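Below you'll find the structure, written out as structure tokens, and then a few comments.
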Amino acid sequence: MAQVQQGVRHPDDPEPVESTKIVAARMLAGVGAALSPFVGGAVPAVIALMLARQAEADIRASEGFLLGASRLPGIRRTAWTAIGIAGAVITAALLVWVLALARSAGQGSYGGDVA
């Protein structure tokens, strides 16, 4: 029975690399943050959160050959911030719309010359 030493890598083992899902999630979280004032940032932010969850599972299963776990909290924070900003923009737009409806509640729908 062969003994395996901890911390010693076999020469044929691949070099550890950064997870490509981490890279994609970081880019999508950044795009989501940039587009969140226009509400379109919520979609890439949600995709970034899904990719971050998948990347975390891949990194745990890779036994040290995939890197990038330290970037996950920042990616999640950026994505949730983008979702929060998009939600705040939607809430503000709805508030403006409701206030506009309330202001025009007592006025007629048409001008005075329409019978």
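Here this note's numbering is used: position 73 in the sequence shown is 81, and no number is missing along the way.
Note that the Cβ used here is the ideal one computed from N, Cα and C, for glycine as well.
All values derive from a computational prediction rather than experimental measurement.
Assigned secondary structure, residue i (DSSP; H/G/I helix, E/B strand, else coil)
i: V106; result: helix
i: G115; result: Residue 115 is actually Gln in this sequence, not Gly. DSSP places Q115 in coil when its eight states are reduced to three.
i: V47; result: coil
i: P81; result: helix
i: P52; result: helix
i: D66; result: helix
i: V16; result: coil
Residue i - partner residues in DSSP beta bridges
i: L74; result: V25
CB of residue i within 8 Å of CB of residue j, strictly
i: E23; j: G76; result: no
i: A33; j: A90; result: no
i: L36; j: I55; result: yes
i: A87; j: L109; result: no
Selected residue, minimal CA-CA separation from residue i, among the options
i: A42; options: M58, L109, I93, A110; result: I93
i: R61; options: V16, G72, R84, R111; result: R84
i: T28; options: V16, G95, F73; result: F73
i: G38; options: E71, D21, G82, V16; result: G82
i: V51; options: G95, S112, W105; result: G95
**Message:** Closer than 8 Å is the cut-off here; do at least three beta carbon pairs connect the segment 37-53 with the segment 89-102?
**Reply:** yes
**Request:** For the segment 57-66 and the segment 105-117, state whether three or more C-beta atom pairs, one from each stretch, are separated by less than 8 Å.
**Result:** no
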